[in-house]
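Single-structure report; data block below.
Numbering (the UniProt record's numbering), first residue to last: 1 to 965.
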């Protein structure tokens with residue numbers, strides 16, 4: 001090996017051994033913990049330090065990388081590889097690991113720890129010594145043997161040392177250990193090899209660790225989530241369905257889910273499991289309720305002691321059984337105590353009135369422990385012989401009712417005269433019908449006296465004449481004696497004073513005479529015995545026939561009267577309608593609409609919570625259902641879900657959550673945005689549904705915008721919209737900003753990333769975290785007290801003096817226009833913030849995006865006027881865009897307010913490149929010399945590469961800015 005021919009100070013075994021020992025001394029001094037403590041989220045696939053036997057990796061050529069032994073701080077042998085052929089040029093030394101099976105991983109982490117010799121400390125190696133090495137990998141489904149083909153490997157990165165050591169360092173035992181980590185993925189095959197290429201460095205691989213990350217199994221909300229390998233991308237979230245633990249079940253329509261992040265961390269749990277009936281939660285498991293306890297529903301949190309007069313002898317019971325003599329009604333929940341039937345009513349008394357009997361009593365002494373006591377009456381008619389009683393039958397009436405009585409009295413009517421009756425009054429409750437014991441009731445036996453007859457029945461009109469009516473009927477079902485006569489009462493139906501007339505009959509028929517023709521009469525009939533008159537039968541209405549003369553006149557007169565009445569009524573209605581229209585119009589002209597609503601800064605409140613509850617609606621957390629995580633915000637996760645308020649239809653919402661462990665300041669800052677949003681109501685401003693401040697997590701609930709942020713949406717659909725569609729989006733944004741400006745409100749962070757798009761391509765202004773109020777004075781400004789400013793979107797006066805107005809929002813709106821027309825391209829491309837500030841100060845402005853109409857670019861330039869007083873107002877911008885939408889031809893003609901000539905940064909005509917000797921001279925001539933390194937890095941090193949058409953040349957200098965005003 002070439003390294004063996006070097007001086008003793010470069011002997012490989014010497015310096016690698018010392019390096020390992022020195023590294024461990026550093027570890028013992030407290031820099032990091034000695035050894036490789038496995039991270040809780042890592043699954044180790046390869047750890048060279050953990051293997052004390054030969055690694056037996058493949059080295060090619062054989063005299064390149066060399067495996068040697070060393071000792072760690074505990075004098076434990078470790079195996080390392082070194083190479084140090086710095087004296088020989090054109091080195092190409094390869095080292096390949098054994099085959100590594102990746103398992104379920106798609107994204108692999110490689111951690112390298114190595115030492116590297118400073119080339120300046122090695123004499124005579126100028127031109128041949130290197131201070132870097134290369135890392136490669138090869139995917140395979142199985143081992144490929146010990147052959148090594150360079151063209152089959154994919155380069156991961158060139159590895160350089162943060163610190164290198166010298167011979168002097170070695171003598172002072174200050175070896176520099178470097179740690180570098182690289183990521184491979186996504187991988188699709190069963191395994192892979194790692195390879196290290198040395199091109200002439202003096203280097204030692206102290207350790208190589210290969211691992212992947214996973215979210216370890218966890219129990220959350222009584223659901224088990226298994227070990228889950230992270231996704232293939234840095235920002236990917238893996239959704240995992242949870243499985244309920246034993247004796248638990250999923251909450252209705254809320255199955256448990258969690259998301260595994262790329263860092264191996266579980267994010268916001270969605271849904272949950274709950275312990276089944278008979279079981280309660282203890283830690284992360286469900287335990288059965290003990291003896292004497294029960295849990296009737298999974299919705300209950302804890303087990304409860306058995307209610308009164310109930311028991312259970314088993315664990316895991318969902319209800320308790322009743323003691324003997326006690327019962328639970330079918331409608332009673334298991335939490336209700338067992339009860340029994342009530343005792344009998346007390347102090348039953350009666351009163352007889354001929355064939356009617358009234359009963360009264362007092363409530364029972366014992367209600368059985370229930371408050372649903374009612375009463376029912378049993379009626380029996382008995383003969384004069386004892387024990388011979390039969391039910392009274394349907395002819396007996398009960399007032400107010402026979403059963404279900406709440407009051408302690410009842411009246412029985414239509415009983416037979418001179419008959420014996422027995423009445424039983426029983427108090428009942430919800431469990432009386434379940435009792436197998438003897439019924440308890442109060443009873444009384446009564447003999448009725450002489451009574452009037454009952455009602456006659458089946459009255460029939462036998463014959464109807466002009467002046468007489470013949471009637472017939474049947475005897476009462478209960479005559480209660482000998483009927484001596486019937487009385488027929490009648491009167492004219494329409495007669496106001498209702499003067500009665502009567503006719504008597506000895507039989508069950510009669511004729512009533514001396515009536516008026518064409519007149520309606522009402523008839524009622526009753527029977528008479530020695531006990532007196534019975535009650536009248538129901539009323540019977542009969543109309544006598546018409547007289548023959550005068551019939552035609554009546555037939556002709558009726559239509560005329562109807563027509564006249566309708567005509568008069570129509571005229572009256574028409575007059576009232578005309579009069580109401582005139583009065584309503586005058587009233588409408590006199591109405592004055594109130595002034596525009598003004599924005600109130602929440603920071604003016606001494607108590608921020610008062611501002612939140614004044615401007616934002618407090619929602620019940622039970623009305624919100626979180627469905628999935630869609631991103632992460634500054635204060636916590638952002639989720640999508642559903643909101644169902646009482647009496648309203650269910651709507652989709654986005655939910656911002658406040659992470660656990662927040663400070664009071666974080667809570668105030670988080671809810672400040674809701675205090676701002678709650679004051680706005682405009683179709684182009686994101687709508688706040690409400691907040692949850694009285695529960696955890698604290699939430700802000702807003703309308704759900706299906707297409708997300710505008711910049712991402714445009715990049716995803718690059719080139720798929722017409723110019724008019726893009727102008728329509730811009731018009732919506734301008735309308736929303738006009739509304740905010742009219743309220744006296746400055747956004748300060750207007751950018752395409754803070755515009756949300758719904759499924760109908762409606763754009764709405766959002767993200768009010770940086771917004772502040774301004775005074776009524778249009779020249780008033782807001783001065784910040786510090787903090788980050790989005791330079792690429794911010795007006796120069798706001799950057800320099802930190803002063804914000806609606807005019808600075810107009811500048812930002814111009815940048816948003818440029819983002820929209822370029823389909824989400826980054827403003828000023830890869831220029832640094834300082835270069836952007838300098839270019840703006842020198843008068844340079846962004847060029848028109850590809851295919852952008854001149855009229856829109858002119859409007860952008862108007863928004864970017866240095867003097868904020870010359871920039872258009874948002875209502876002017878809305879008017880210009882409306883005109884462009886109505887007449888697309890105006891897009892071709894600039895119609896802005898900027899009257900100064902525009903000097904393009906690059907002349908649109910073909911320049912005379914023969915006058916320049918290099919790209920650098922050409923850039924100096926156009927005052928863009930500071931971008932010389934950008935052109936060289938992009939491959940434009942010759943004049944021929946930039947000698948193109950104007951459109952091609954614009955693309956070439958895209959990193960330099962464009963239009964100068």
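Idealized CB from N, CA, C, for every residue including glycine.
Just so it is clear, the structure is predicted and the values come from calculations on it, not from any experiment.
For residue 520, the three-state secondary structure derived from DSSP is strand. One Cα belongs to residue 75, the other to residue 82, and the distance between them is close to 20 Å. From the listed residues 340, 829 and 198, the smallest Cα separation to residue 86 is found for 198. Three or more Cβ pairs closer than 8 Å define a contact, and the stretch 806-824 falls short of that threshold against the stretch 688-701.
In the DSSP assignment, residue 503 is bridged to 488.
The Cβ neighbour count for residue 351, taken over all protein chains shown within 10 Å, is under 16; the residue is labelled exposed.
Note that the C-beta distance between residue 456 and residue 474 is below 8 Å.
A straight-line Cα-Cα distance of about 52 Å links residue 745 and residue 297. Note: residue 747 is not bridge-paired with any residue in the DSSP secondary-structure output.
DSSP places residue 150 within a helical segment (H, G or I) once states are collapsed to three.
Shown here, residue 597 sits in coil according to DSSP, grouped into three states, outside any helix or strand.
In the same chain as residue 186, and ignoring 5 residues on each side of it, the C-beta atoms closer than 8 Å to its own belong to 106, 107, 232 and 233, in chain order.
Less than 8 Å separates the beta-carbon of residue 792 from that of residue 836.
Residue 60 and residue 184 have their C-alpha atoms spaced approximately 23 Å apart.
Boundaries of the beta strand (DSSP E) around residue 209: 202-215. Here the alpha carbon of residue 362 sits roughly 14 Å from the alpha carbon of residue 376. Ranked by Cα distance from residue 498, the options 490, 504 and 505 are led by 490. Setting aside the 5 residues that flank it on each side, residue 506 is surrounded in the same chain by 485, each with a C-beta closer than 7 Å to its C-beta; the list follows chain order. Counting the other CB atoms within 10 Å of its CB gives residue 711 a total of 16 or more, which places it among the buried residues. Inclusion of residue 64 and residue 80 in the CB contact set at 8 Å is not warranted, their separation being larger than that value. Residue 868 is not a Cβ neighbour of residue 794, given a cutoff of 8 Å. With a beta-carbon spacing of about 6 Å, residue 624 and residue 643 fall inside the 8 Å limit used to define contacts. Within the same chain, 635 and 658 come within 8 Å of residue 666 by CB-CB distance, once the 5 residues on both sides are set aside. For residue 335, the secondary structure class from DSSP, reduced to helix, strand or coil, is coil.
Residue 314 sits in coil when the DSSP states are folded into three classes, being neither helix nor strand. In the DSSP assignment, residue 391 forms a beta bridge with 380. Under the 10 Å beta carbon count, residue 683 is surrounded by fewer than 16 other beta carbons and is classified as exposed. If the five residues before and after residue 411 are omitted, its C-beta is found closer than 8 Å to the C-beta atoms of 356, 357, 358, 359, 398 and 399, all from its own chain and listed in chain order. Among the bridge pairs identified by DSSP, residue 653 is matched with 641 and 703.
With a cut-off of 8 Å on Cβ pairs, the stretch 252-259 is not in contact with the stretch 278-295, counting fewer than three such pairs. In this structure, DSSP gives residue 57 a state outside helix and strand, which the three-state scheme calls coil. Inter-residue distance for residue 875 and residue 608 is about 33 Å (C-alpha atoms, whole angstroms). Straight across, the Cα-Cα distance linking residue 203 with residue 141 is about 31 Å.
Relative to residue 844, the option among 237, 864, 628 and 854 whose CA is nearest is 864. For the set 277, 348 and 613, the Cα lying nearest the Cα of residue 675 is the one of 613. Separation of the CB atoms of residue 354 and residue 531 is rounded to 7 Å, and the pair is thereby assigned contact status at 8 Å.
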